[in-house]
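Written as structure tokens, this is what we have:
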């Protein structure tokens, strides 16, 4: 008889180890901060709020919180994860110092937010120059997806209120640059709103669009090189009219609610006017057709607006709505893009679904909840979350290749950032020696080589 043993080896543990660094893969984010010049930009932006004889600069403190959030933290105290590894992350401020800085910045109001956003815009432009052909706007156009995000609150925080989904919390309006099928995306706006803020508030959509455009290079703010894409929350007369006034500089693709006028117009479309919808690879999409509407349903909307409707067979078991017709599910959107096939425009609008991936990544990067009480403090937290998401988008663009460039934050943390290493000091050099048997060691070392090859920021 063989003695049975467990499925896993029995390992004894003890403290007192030396020269071991956890979260060693976080050096990828540290090097991204350094090579993009984000540390210099944030430090310069927050210099007016540095206290006399302060040991830790406000820029370094804020970036430490950013790195903690990028590594998976969801509150200010998680900066302690960095404090435990000074060899990789440098000196880290205490928890009370971090809390005092957030209170100071939140009391600075719009001036602080403007400084942080200007610094991010400056670094974003530099990252695009470094990325070259890998930049999201290398093809001449950039797409910005604007969408609302429900963030639940489990305590009485300022501006927390009942939401339209019968939950309780906040309803920030977010905007993300779509990197396309070959990448992820980066945030360009985070507008904190109360939980009872409407999904189709035109003033908030206009403000979010302004903030998003301010994050883009000036060359993308003219000649319709920027496309604003929203769901039906943006399909209001006021917001579409606001976009139309900037029609010389902006393109838009906005979801629309199926009204009775649109429904009647769909019923009058002849069978010969329906065009098969297409997939991203150019193949015909089975069971889906598109058509462009005209007539009374366009009354009251800006000139140059094209109203395009998609009808498709619902999946088995799906319930039809009152606005559907002849057993087909109907969806509709409006755009000011002319001289383009309607099937191509419908595919472009349908790809707005990638914004849901960006929202999922944001929830996994500090947006699962807003950890502070005051609304002004939570707006600072929202800026921290956006900078963390910036790093998680910029690092793959600059350093990773192949499928690794598409990894979302959770996978980056599991495979790269959580890697442990041995710290070796030889002479005046510090070396992190990654485990040879780790399956992702080559990915990390090659990514660091690409980052080291980038020019130092001026």
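Residue numbers (the UniProt record's numbering): 1 to 458.
For every residue, glycine included, the Cβ atom is placed at its ideal position computed from N, Cα and C.
It should be emphasised that the depicted structure is a prediction, and the values quoted were computed from it without experimental measurement.
Is it true that the CB of residue 77 sits closer than 8 Å to the CB of residue 420?
no
Assign residue 86 to one of three DSSP states: helix, strand, or coil.
helix
Does the pairing of the region 359-368 with the region 66-74 give three or more beta-carbon distances under 8 Å?
yes
Can you find the residues in the same chain that come closer than 7 Å, C-beta to C-beta, to residue 193, ignoring five residues on each side of it along the sequence?
170, 171, 172, 173, 204
How is the alpha helix (DSSP H) around residue 395 delimited, first residue to last?
375-399
What is the rounded straight-line gap between the Cα of residue 478 and the Cα of residue 330?
As displayed, the chain neither begins before 1 nor continues past 458, which places residue 478 out of reach and without an answer.
Taking the Cβ atom as the reference point for each residue, do residue 387 and residue 416 lie within a distance shorter than 8 Å?
no
Kindly say whether residue 154, judged by its beta-carbon, lies nearer than 8 Å to any beta-carbon of chain B.
Checking the listed chains, one finds no chain B in this structure; it contains a single protein chain.
Exposed unless 16 or more other CB atoms sit within 10 angstroms - verdict on residue 42:
buried
Per DSSP, residue 283 is paired with what?
Answer is none; residue 283 lacks a bridge partner.
Do you know offhand how far residue 447's Cα is from residue 134's?
15 Å
Nearest-angstrom Cα separation, counted from residue 132 out to residue 122:
16 Å
Looking only at its chain, what residues have a beta carbon closer than 8 Å to the beta carbon of residue 384, apart from the 5 residues adjacent to it on each side?
62, 65, 66, 69, 366
Residue 13, DSSP secondary structure in three states
coil
Neighbourhood of residue 150 by C-beta distance below 7 Å, restricted to the same chain and skipping five residues each side:
163, 165, 167, 169, 171
Does residue 26 come out as helix, strand or coil in the three-state DSSP assignment?
helix
If the criterion is Cβ atoms closer than 8 Å, does the pair residue 137 and residue 355 meet it?
no
Within its chain, find whatever has a CB closer than 8 Å to the CB of residue 304; leave out the 5 residues flanking it on each side and keep chain order.
244, 247, 336, 338
Closest by CA to residue 217, which one among 22, 425, 124?
124
Alpha carbons only, please: which of 56, 45, 130, 300 is nearest the one belonging to residue 114?
45
For residue 297, the three-state DSSP class (helix, strand or coil):
helix
Can you tell me whether DSSP reads residue 66 as helix, strand or coil?
helix
If you draw a straight line from the alpha carbon of residue 21 to that of residue 228, how long is it in whole angstroms?
44 Å
For the region 371-378 against the region 341-350, do three or more pairs of beta-carbon atoms, one drawn from each stretch, fall closer than 8 Å, so that the two count as touching?
no
DSSP-derived helix/strand/coil call for residue 289
strand
Counterpart residues of residue 316 in DSSP-defined beta bridges
Per DSSP, none; premise fails for residue 316.
What are the partner residues of residue 128, as DSSP defines its beta bridges?
Answer is none; residue 128 lacks a bridge partner.
Nearest residue (CA-CA) to residue 269, options 286, 250, 294:
294
Can you have a look at residue 320 and say buried or exposed, based on whether 16 or more other CB atoms are within 10 angstroms of its CB?
exposed
With distances taken between CB atoms, is the gap from residue 399 to residue 450 smaller than 8 Å?
yes
For residue 110, count neighbouring Cβ atoms within 10 angstroms of its own Cβ and tell me buried if that reaches 16, exposed if not.
exposed
Closest Cα partner of residue 395 within the set 93, 286, 186:
186
Check the C-beta distance from residue 175 over to residue 189 and give it rounded, since I have them as a contact under 8 Å.
4 Å
7 Å CB neighbourhood of residue 140 in its chain, flanking five on each side removed:
225
What residues match up with residue 306 in a beta bridge as DSSP calls it?
335
Within 10 Å of its beta-carbon, does residue 215 have 16 or more other beta-carbons around it, so buried, or fewer, so exposed?
buried
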